[in-house]
Amino acid sequence: TIEFFKPLTIIVGANGSGKTTIIEALKFVTTGEQPPLSDKGKSFVHDPKIRGVAVVKGKVMLGFQTADSKAFVGTRIFQLTQKTKTKREYKLIDSVLRMMDGSGEEKAISQRCADFDKQVPLLMGVSKAVLENVIFCHQEDSNWPLSDSKNLKKKFDDIFAATRWTKAQESIYKLRKQKASDAKKMEANIGILNSNLQTAQKIESTIRELSTGMKTNEEKMKVWETKRGENLGKLEKLQGMSKNLSQLTSKIEGQKAFMKSLVHEKEKAKKELKEDLTDSTEDLKKGKTEIEAQIQQSQKSIRTVENRQVEAGKLRSRYEKELNRITSQIGEAKAREKQFKSDRALCQDITMRCCDKYRFTGIDQSGQMDIESFELVRSKLAKYADEQTARLMSHKQDAKRQDSECEGRISRLIVNLNRLQEQSAMKEAAKRKHQSRLNSIDIEKRSIKDQIGSHSDSNINEQINETEERLKRLREESNLKGLEQKIEDIGRAIDENMKNLEYLRLQQSDLSGQKEVRNRLKYRQRGVNQLKTELQEKVESREEELKRLLDVSQIDPKNLDREFKICLRSATQELRDDEKLLNEVDQKISSTQGELRSTKGNLEKIKAGIQRERERFKRNNVDIREKNLPAHIKEA
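So the sequence shown is numbered by this note's numbering: it starts at 14 and just counts up by one.
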């Protein structure tokens with residue numbers, strides 16, 4: 014048994030007497046590390062061959078006090094077994110840590126219940142690295158301060174426990190980098206969602222324009238239907254006019270025949286002029302008057318036909334303008350239909366890209382997509398935007414919570430730091446006070462030694478014993494060891510708190526640096542929410558427009574595309590029918606105009622013939638009055 018005294022215990026002895034073995038045993042019982050070059054403990058235990066036994070057991074016990082004056086005893090039991098002549102086996106049997114509680118009852122903790130290598134340094138208040146490299150440093154490793162920079166840094170990191178703070182700092186940097194990466198991804202996703210939202214708005218505006226165009230075309234179709242009825246009425250009138258023209262033509266033919274008969278009568282009258290006329294003058298005048306009346310009636314009929322021809326020309330020009338306008342409207346409708354198909358293809362392409370990019374499932378992409386598929390993609394995009402919003406809000410809440418936690422930890426650390434500084438100042442004052450008392454006692458002790466020659470041995474021994482008792486009592490009262498240990502603990506706590514404070518300040522500065530990113534994300538999130546609201550309102554308004562367009566009370570997404578196609582096909586077919594009808598009307602107008610031109614030409618010829626006959630009668634001074642002329646006129 015060896016008792017170690019404070020502040021210093023010197024172990025002296027010859028070479029091989031076991032001085033280093035004591036240090037190795039202390040290091041082994043506190044840290045569990047075997048001595049260097051001991052072949053994993055096989056050379057640390059007495060050789061079984063020398064003793065002539067198969068198994069050699071060993072035990073190392075260490076009693077120590079903690080900073081709060083609690084007594085502990087640590088024990089390690091091990092053995093070395095000689096298996097063969099050349100093979101030995103080392104085994105650690107058990108490690109036990111015993112203590113006495115306040116009631117005097119002994120408690121023990123085995124290696125099976127706790128980590129002995131961690132508990133002993135923790136109770137001693139010294140790290141394992143300090144025990145290995147400073148307090149119980151082996152003489153083989155005592156020159157480690159002169160080693161290379163890598164090993165030297167590793168030793169210092171272990172002694173000052175810098176590795177833990179380095180790992181914590183690395184984890185903080187890694188977390189910061191990850192959060193920054195997540196923020197960038199969210200910003201990118203927000204940009205993509207904004208572009209998708211803008212594309213959806215464009216598609217929606219295109220659909221709205223097409224719906225408006227279809228509504229306009231429907232109104233135009235109603236107008237055309239009205240005009241179609243009017244044109245049919247006009248066509249019936251033209252047919253009546255054509256019938257009248259036919260009647261006039263037949264009358265003209267009759268007049269031609271009558272003129273021929275007049276010419277024949279004229280020739281006959283020329284031949285019969287040699288003879289005296291037997292008819293009276295009144296009869297001849299009456300016949301002449303009837304002929305002039307017939308001529309005036311023919312001229313009036315010719316003027317009527319000419320007026321009707323002018324009206325038919327005006328009507329034809331108006332119909333031609335109307336036909337051109339309808340043709341241009343049909344062309345515009347076809348162009349809008351083509352643009353609608355193009356916009357629909359673009360919308361389908363954008364929708365498919367969105368499905369591929371965000372991996373939406375449950376959407377048929379094999380053929381042409383319908384309104385239900387577009388609505389499903391829109392709902393999935395809205396759901397994805399909501400998820401991104403929720404993730405953003407979660408990150409914002411985490412950052413806010415970390416800010417509050419950091420501020421709370423900083424305030425607590427500042428309070429603890431102030432309290433520890435006050436305690437350290439109080440302990441330093443008490444230490445100086447006790448040190449001054451010890452110095453006075455040492456001075457008194459030296460004065461007593463100076464008086465040794467003038468006092469007897471008994472008095473000297475009494476004074477020495479009294480002084481030693483006083484010194485022992487003062488040491489027990491002052492408990493300098495405990496004070497120094499507490500001061501060291503306070504100093505370490507202050508250093509640790511300062512490191513924590515610097516770390517928290519750095520983390521707070523990093524979090525404050527992320528404040529701008531959070532504000533920007535908040536602003537963009539507000540914009541996304543506003544755009545989502547506008548998109549929802551526009552979708553609802555589009556639904557009402559589709560209901561009005563298709564003339565239904567409830568829209569079925571499954572049949573919406575089919576109803577839209579049927580409506581468009583019906584409108585196109587009606588336009589084609591109107592175009593066909595207009596072509597027929599145009600053909601009839603053209604044929605009527607041809608007939609009018611032919612009739613007008615015939616009338617001109619008849620008028621010219623009548624005029625020539627009159628002139629010839631005048632040149633020849635022929636009087637066409639004869640007795641048989643009225644009878645011929647009546648027969649005609």
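Built from N, CA and C at the ideal position, the CB exists for glycine as well. What you are looking at is a predicted structure, and each value in this text was computed from that prediction instead of being measured.
- Contact between the stretch 220-227 and the stretch 347-362 is present, with at least three C-beta pairs closer than 8 Å.
- Under the three-state reduction of DSSP output, residue 110 falls in the strand class.
- DSSP places residue 84 inside the beta strand (DSSP E), whose first and last residues are 84-95.
- Distance from the CA atom of residue 252 to the CA atom of residue 229, rounded to whole angstroms, is 33 Å.
- Relative to the Cα of residue 340, the nearest Cα in the group 281, 233 and 317 belongs to 233.
- Within its own chain, the residues whose Cβ lies closer than 8 Å to the Cβ of residue 199, once the five positions on either side in sequence are excluded, are 401, 404, 405, 408 and 534, listed in chain order.
- Secondary structure of residue 46 (DSSP, three-state): coil.
- Selection 278, 50, 318 and 364 evaluated against residue 206 yields 364 as nearest (Cα-Cα).
- If you draw a 10 Å sphere on the C-beta of residue 442, you find fewer than 16 other C-beta atoms in it, and that means exposed.
- Residue environment: residue 87 is assigned as buried (16 or more neighbouring CB atoms within 10 Å of its CB, all protein chains considered).
- In this structure, residue 98 keeps its C-beta atom at 8 Å or more from the C-beta atom of residue 111.
- Pairing residue 360 with residue 185 gives a Cβ-Cβ distance that is not under 8 Å.
- Taking 8 Å as the cut-off, the beta carbon of residue 73 is found closer than this to the beta carbon of residue 89.
- In the structure shown, the three-state DSSP call for residue 35 is helix.
- When the Cα atoms are used, residue 213 and residue 347 turn out to be separated by approximately 25 Å.
- According to the DSSP assignment, residue 129 belongs to the alpha helix (DSSP H) that extends over 129-137.
- If you draw a 10 Å sphere on the C-beta of residue 41, you find 16 or more other C-beta atoms in it, and that means buried.
- Taking a contact to require three or more Cβ pairs closer than 8 Å, the stretch 143-153 and the stretch 45-52 qualify as touching.
- In this structure, DSSP gives residue 53 a state outside helix and strand, which the three-state scheme calls coil.
- Note: residue 68 is bridge-paired with 94 in the DSSP secondary-structure output.
- Under the three-state reduction of DSSP, residue 152 is assigned to coil, being neither helix nor strand.
- With contacts defined as CB atoms closer than 8 Å, residue 36 and residue 129 fail to qualify as a contacting pair.
- In this structure, residue 226 lies near residue 349, with their beta-carbon atoms less than 8 Å apart.
- According to the DSSP assignment, residue 162 belongs to the alpha helix (DSSP H) that extends over 162-172.
- Contact between residue 77 and residue 54 fails: their C-beta atoms lie close to 23 Å from each other, not under 8 Å.
- In this structure, DSSP gives residue 101 an extended state, which the three-state scheme calls strand.
- Residue burial is scored here from C-beta neighbours: residue 310 has fewer than 16 other C-beta atoms within 10 angstroms and is therefore classed as exposed.
- Residue environment analysis places residue 25 among the exposed positions, since fewer than 16 neighbouring C-beta atoms fall within 10 angstroms of its C-beta.
- Taking every protein chain shown into account, the CB of residue 389 has 16 or more other CB atoms within 10 angstroms, so this residue is buried.
- For residue 318, the closest of 31, 259, 190 and 242 by C-alpha to C-alpha distance is 259.
- Distance from the CA atom of residue 23 to the CA atom of residue 169, rounded to whole angstroms, is 27 Å.
- Our two residues, residue 122 and residue 63, have alpha carbons roughly 35 Å apart in a direct line.
- Judged by beta-carbon spacing, residue 85 lies within the 8 Å limit of residue 79, meaning their Cβ atoms are closer than that value.
- A distance below 8 Å separates the beta carbons of residue 209 and residue 394.
- Counted as a single uninterrupted DSSP element, the beta strand (DSSP E) harbouring residue 123 occupies residues 119-123.
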